[in-house]
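A.B. asks: Chains as they are written, first to last, in my numbering: chain A, 1 to 116; chain B, 117 to 225. Yeah, the Cβ is synthetic: ideal placement off N, Cα and C, and Gly gets one too.
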Amino acid sequence: NAGVMQNPRHLVRRRGQEARLRCSPMKGHSHVYWYRQLPEEGLKFMVYLQKENIIDESGMPKERFSAEFPKEGPSILRIQQVVRGDSAAYFCASSPLKGAGGYEQYFGPGTRLTVT
Amino acid sequence: QKEVEQDPGPLSVPEGAIVSLNCTYSNSAFQYFMWYRQYSRKGPELLMYTYSSGNKEDGRFTAQVDKSSKYISLFIRDSQPSDSATYLCAMSGDDKIIFGKGTRLHILP
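1. Checking contacts by CB at 7 Å: is B:Lys-217 closer than that to chain A?
2. Along the chain, where does the beta strand (DSSP E) containing A:Gln-6 start, and where does it finish?
3. Terminal residues of the continuous beta strand (DSSP E) containing B:Thr-219?
4. Looking only at DSSP bridge pairs, what is B:Lys-172 linked to?
5. Quick one: is B:Glu-121 near chain A, going by C-beta distance under 7 Å?
6. According to DSSP, simplified to helix, strand and coil, what is B:Pro-124?
7. What first and last residue would you give for the beta strand (DSSP E) that runs through A:Leu-77?
8. Give the secondary structure of B:Pro-197 by DSSP, where H, G and I count as helix, E and B as strand, and everything else as coil.
9. If we cut at 7 Å on Cβ distances, does B:Pro-225 have a partner in chain A?
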């Protein structure tokens, strides 16, 4: 059973460009979470999605950031007009369990975004 | 006061020693308590989770939760160089998971 997959692993964007991060959950998991990790910082919750629904986006900036988890295909975290402060590691996690408490979350390897 | 406090370290101990990692928290609604291990430039890996208070043991790892003191611990026995990583405590109630900043652990051969 393949784990959570994220691509690309590394992404370099210039200021003002769009960044698109993809996450394929583990087989059988229908709950996806996105986190951001800055150097020397813990993981910060961004958004929790189920298929075709955003359940909780309270940790995601209201501007420039959006997320989706379509019926078919991976979950996508989109950052428009990136700025240097968006440089971070972005992790996706999936869970078979309902609810953002989701103690049984399995993480992907992350996408490291660098904005130049 | 932050919801979850965790000493960032680094913590260096000799191989074979017992390691003690700790977190404190302020939200009494937390019910699930987790420990994740994260190697450099990798995703976090769930080590153990505990529901409510008490102890849980898995091989060389023991997790303890004291809800009355709002204090959780992870003990690693017979520590190995391969245990060198960042350890993140995490906790949740009915809502999202809140993570500590992580403690960097170095096991010295």
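C.D. replies: On the basis of the coordinates in this document:
1. Yes, because at least one Cβ of chain A sits closer than 7 Å to the Cβ of B:Lys-217.
2. It spans 5 to 7 - the beta strand (DSSP E) in which A:Gln-6 sits, taken as one unbroken run.
3. For B:Thr-219, the enclosing beta strand (DSSP E) starts and ends at 219 to 224.
4. Beta-bridge pairing links B:Lys-172 to B:Ala-179.
5. Chain A contact via Cβ: absent.
6. Judged by DSSP in its simplified three-state form, B:Pro-124 adopts coil rather than helix or strand.
7. From DSSP, the beta strand (DSSP E) with A:Leu-77 extends over 75 to 79.
8. If DSSP states are grouped into helix, strand and coil, B:Pro-197 belongs with the helices.
9. Not closer than 7 Å to any Cβ of chain A, the Cβ of B:Pro-225 fails to qualify, so no.
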